[in-house]
Amino acid sequence: MIRFTIRRLLSGVVLLLVVTSATFFLAHLAIGDPTAGLLGNNATPDQRAALHEQLGLDRPLITQFWDWFSHAVRGDFGTSWRNFQPVSDQIALRVPVTLSVVLAATLLAAVVGLAVGIATGLRPDGILARVLKVASVVLFALPGFWVSLVLVMTFAVRLKWFPAVGYVPLTQSPSAWLSSITLPSVALALAAIVMIAEQLRNGFMEVTKQDFVRTLRARGLSSRRVTTHVLRNASPAALTVLAVMFVGLLGGAIVVEIIFNLPGIGSLTQSAAQIGDIPILLGLTAVTVVFVVLVNFLLDLVLGWINPKVRES
Amino acid sequence: MTEAVLPPPGDAVQAQRRLWSRFLRRPLGVTALAVFLFVVLVGLFAPLLAPHDPNLVDLGLTQAPPSSEHWMGGDSAGRDIFSRLLYGARTTVYGAAVACLVGVGLGVPAGVAAGYFGGITDRICSWISDGVQSVPGMIVLLIVAAGTGADFTVLMVTVGAFMAPGYYRISRSRALAVRKEPYVDAARVAGLTHTRILHAHMFRAVRAPVIIQSALTAGIAMGMQTGLQFLGVGTASTPDWGQMMNDGFRTMGTHPLILLWPSVALGVTIAALAFMGSTLADLVSVRTEPVPRRRRGARPADETTARTGELAHTVERSVLRIENLRVAYATAHGDKQVVRGVCLDVAPGEVLGIVGESGSGKSQTMFSALDLLPADGRATCDGIWVGGQAVGDLPRAKRHALLGTRIGYVPQEPMSNLDPCYTIGHQLVEPLRAVHGLTKAQARDRAREVLLQVGITDPDRVLASYPHQVSGGMAQRVLIAGAVAGKPDLLVADEPTTALDVTVQAEVLELLRELQQEYRMALVIVTHNFGVVADICDRVAVMKDGRIIESGTVERIFAAPADPYTAELIRASQDDTESRDDLDAAWNETEAEAGRKVHT
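For the record, the sequence lines run as chains A and B. Per the numbering used here, the first sequence starts with residue 398, numbered consecutively. Per the numbering used here, the second sequence starts with residue 793, numbered consecutively.
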């Protein structure tokens, strides 16, 4: 168990280093001279040259990389090129917003997906199962921001049930906070709900055919108890989808955050990319990859707990 | 030489044609395909179809409602929405095509190579694929967009690179599957080069999954592309749907129509792609047509069958009695009868053997007795009694209350009959608590006791183990313990020794006999082996093609089998050379004899 943990954490660290380093070079090569974006079109060549030197952009790229890298491994991601505030402070300010929405969406997806998955798994030919089949095809394909626009048009603009835009911190007013994250969370969760339900239904049908289910019935166990056994065996695929979805939500949240005007890491990414604020972009990449690694690690732990055979192989 | 190894190409062409014609018979698939082709054509011919210049600004048209001149009205800058929508289709289709081509180009060759060659190639490719998937795609796309001055083609190439892992995974798993096919081995033995094998087999194998994946990928690429355009990535001179949605979004409070048009266009296009993909996936994965659903309560179409087998005891004296059992399975071609008119019974303390080859209906007979047939199977009979009580018409819940209390079941394959997710202790204790109402401590004591009884010397270790941590013989002992823990009157054992090593077989059989005598249980043992019958049974029923062809006491059957098939089965298990041909020959002889009897 300890060896498993260490191995997973090590491979996570390697992934983090490789991905952020690759992003460093990609960003510098793609953006080239960021001073135009940072200062706007009205800047004089002298102003741009001054900023160029101030940011150390005249040094060889590899020197710049080493400078950034040696600080980053110690947790120092430098300062933003726009306002010279520490990168970590700015991201720390944004993370709770995005996490609120993404965690709420994940929770929603897990609960509703589980319920629908069990219901359709028990009656694989029922009406709900057929509706799910069609819904899963469409909702998986439609992008989250499209769903967001439909939800905003319907529930915010037309019915006025929820605020169309804006974010209220939890500490300020829990009910307003909930109301402000409801629509974005639902928009992000819908695709995940149908995917999880579909996986569970397939898992149910697969597991129900297995010999041990018949043997459990032959021991006289009630259908409720047999269902518990089936569910535990059928859940790994659905949990994997949940983890993949969580990772996807972090990325997909960018457009959704813009639509709902939420000050999360998504809108920060967009503004930083627009002006070429590379330190912020690298910090955001690192934070995202850390989340990916953590979620995958948690997934492995849970899968190992569910089926101990997995833990040993 | 090589021609003999490669399957004739005609087959593949025909299979392709069949798939295509089956696709055209699915209304949803055809509609989706028509919608998608419509969007593609509109995109291609946008310059001819558009009634206005998409970029022409007419201030009078600003946020104008639909009119006969401008079918969808004007946008916030005073441009004709309908024309912009047509040109937008062009951008959308082009972007999706670029992303799919790049995804296929990167993912499929890598996946096929990884699956075919395995080893280090596989490890490197898979590592890269996993790495790409953990890169935050939108961040990279925004960086690329910022850096390249929103060059649309470069952007969609990047999207394609992020789509490549999807293609990689399916190609790899298909290649792995094909790699194991015997004809690929044959091709290698025949001296074909890797290149020819890859060309001949692999690309054919991955074709259908890649098309399905492309429908999915195109939809996702359209979503990402429109999302980026919504964020302001893209050139103002080329109309696209994301830009239009952004424009509509900013005025949605006052002019919702401006947002509605491009949203509907995008939604319908993506949905069409998704349904094309899922219809195709359905057709590829399900090769047979769906089974018609049987009306609830409808009786299976009975073949007129005579009763077979004999009843040796009165109803009152029997632990299990079945009269005229028929079992049928629903298939695409109507019901298939697998058990035809079986009668049997067993008394307390008696051991009945049901003998037959696989497919003779012996297991189906037994599952009917337990009421545990698979969902598409259906049993009907003139009567079934457990302990002298008629149970055939009992509601399902009452019928299942017999399981674990009056009837115990020992399955065939020990490993697949234990739930891999729970400890053996949990699996033994749970029914004792839930069905027999024991406390946790009592149930644990009882579980330990039966484990000792089935010859397990360290019950505590076994109780704490998971199924994969014990041997097959041990697992079968655990299953026997589970079956007898509730002290049933009747034990039903389905080929209890078939999956075990020869040395363990005798021990398990001996154990069953001991337990049967100790608990004074009736034992019904299903087997294909007359050796088992000779060891343990009092009476025997021989089954073939769903009928009992002979039954009687073991002494009588061994001394003077009345049926040549029985004689052949006995001989086969004595020499241990069960040849299917011999058995079939014996069966044909029986049939011929029966035919002579009818005619004379």
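Glycine included, each C-beta is placed from N, C-alpha and C at the ideal position.
Could you check whether the Cβ of residue i sits closer than 9 angstroms to any Cβ belonging to chain A?
i                   : result
Leu-1018 of chain B : It is worth fixing the name first, because residue 1018 of chain B is Thr in this sequence and not Leu. Yes, contact with chain A.
Asp-1211 of chain B : yes
Gln-1219 of chain B : yes
Arg-1079 of chain B : Residue confidence is low: Arg-1079 of chain B scores 47 on pLDDT, short of 50, so the model does not pin down where it sits. Its coordinate-derived value is still stated next. Taking Cβ atoms only, chain A never reaches closer than 9 angstroms to Arg-1079 of chain B, which makes this a no.
Met-1036 of chain B : no
Arg-1087 of chain B : A caution first: Arg-1087 of chain B carries a pLDDT of 45, below 50, which makes its placement in the model too unreliable to give a value.
Glu-1241 of chain B : no
Ala-937 of chain B  : yes
Glu-1222 of chain B : yes
Ala-1287 of chain B : Sequence inspection shows Glu at residue 1287 of chain B; the Ala mentioned does not correspond to that position. Taking Cβ atoms only, chain A never reaches closer than 9 angstroms to Glu-1287 of chain B, which makes this a no.
Ser-1263 of chain B : no
Ser-926 of chain B  : yes
Please classify residue i as buried or exposed, where buried requires at least 16 neighbouring CB atoms within 10 angstroms.
i                   : result
Phe-1022 of chain B : buried
Leu-407 of chain A  : exposed
Pro-957 of chain B  : buried
Leu-412 of chain A  : buried
Lys-1336 of chain B : buried
Leu-833 of chain B  : exposed
Trp-1053 of chain B : buried
Trp-702 of chain A  : exposed
Glu-1306 of chain B : exposed
Thr-1018 of chain B : buried
Lys-1154 of chain B : buried
Glu-1347 of chain B : exposed
His-468 of chain A  : exposed
Glu-654 of chain A  : buried
Phe-837 of chain B  : exposed
Beta-carbon within less than 8 angstroms of residue i's beta-carbon, same chain only, minus the 5 sequence neighbours each way: which residues are those?
i                   : result
Met-1158 of chain B : Ile-1146, Val-1284, Asp-1286, Val-1316, Val-1318
Leu-1243 of chain B : Leu-1220, Pro-1251, Val-1254, Leu-1255, Arg-1269, Val-1270, Ala-1273
Arg-980 of chain B  : Ile-989
Val-998 of chain B  : Val-900, Gly-903, Val-904, Ile-962, Ser-963, Arg-966, Ala-967
Glu-595 of chain A  : Gly-514, Leu-529, Lys-530, Ser-533
Which same chain residues, not among the five before or five after residue i, have their C-beta less than 7 angstroms away from its C-beta?
i                   : result
Asp-1327 of chain B : Leu-1301
Met-793 of chain B  : Only weak support exists for where Met-793 of chain B lies, its pLDDT of 37 falling under 50; the coordinates are left without a value.
Ala-842 of chain B  : Ser-875, Leu-878, Tyr-879
Leu-1194 of chain B : Val-1178, Val-1183
Glu-1081 of chain B : Confidence at Glu-1081 of chain B is low in this model, with a pLDDT of 46, below 50, so its placement is unreliable and no value can be given for it.
Asn-630 of chain A  : Val-604
Contact check, residue i vs residue j under 8 angstroms by CB: the rounded distance?
i                  : j                   : result
Met-955 of chain B : Ile-1012 of chain B : 7 angstroms
Leu-665 of chain A : Arg-598 of chain A  : Between Arg-598 of chain A and Leu-665 of chain A the Cβ distance is about 38 angstroms, and since that is not below 8 angstroms, they are no contact.
Val-638 of chain A : Leu-585 of chain A  : 14 angstroms between Cβ atoms; not a contact.
If you measure from the beta carbon of residue i to each beta carbon in chain B, is any gap under 9 angstroms?
i                  : result
Leu-539 of chain A : yes
Gln-667 of chain A : yes
Asp-608 of chain A : yes
Leu-647 of chain A : yes
Gln-671 of chain A : yes
Thr-685 of chain A : yes
Pro-676 of chain A : no
Ser-619 of chain A : yes
Thr-517 of chain A : no
Phe-542 of chain A : yes
Leu-426 of chain A : yes
Leu-691 of chain A : no
Ignore the nearest five residues each way along the sequence and tell me which others in residue i's own chain have a CB closer than 6 angstroms to its CB.
i                   : result
Gly-952 of chain B  : Ala-891, Val-894, Gly-895
Ser-1110 of chain B : Asp-1137, Ala-1139
Val-652 of chain A  : Phe-542
Ala-1007 of chain B : Leu-1065, Met-1068, Gly-1069
Met-642 of chain A  : Ala-589
Ser-485 of chain A  : Phe-474
Tyr-960 of chain B  : Gly-899, Ala-902, Gly-903, Ser-921
(request) Would you mind listing the alpha helix (DSSP H) stretches within the segment 485–532 of chain A that are 4+ residues and don't spill past its ends, in chain order? (result) none
(request) Please go through the segment 548–599 of chain A and give each complete beta strand (DSSP E) segment of 3 or more residues, from N-terminal end onward. (result) none
(message) Which runs of the beta strand (DSSP E) at least 3 residues long sit entirely within the segment 891–958 of chain B? Give them in chain order.
(response) Runs of the beta strand (DSSP E) inside the segment 891–958 of chain B: none found.
(message) In chain order, what are the residue ranges of uninterrupted alpha helix (DSSP H) at least 4 long that sit wholly in the segment 1263–1326 of chain B?
(response) Qualifying alpha helix (DSSP H) stretches, in chain order: 1264–1276, 1294–1311.
(request) Enumerate, from N- to C-terminal direction, the unbroken alpha helix (DSSP H) stretches of 4 or more residues contained entirely within the segment 627–684 of chain A. (result) 662–672
(request) Entirely within the segment 1141–1221 of chain B and at least 4 residues each: give me those alpha helix (DSSP H) ranges in chain order. (result) 1154–1162, 1188–1192
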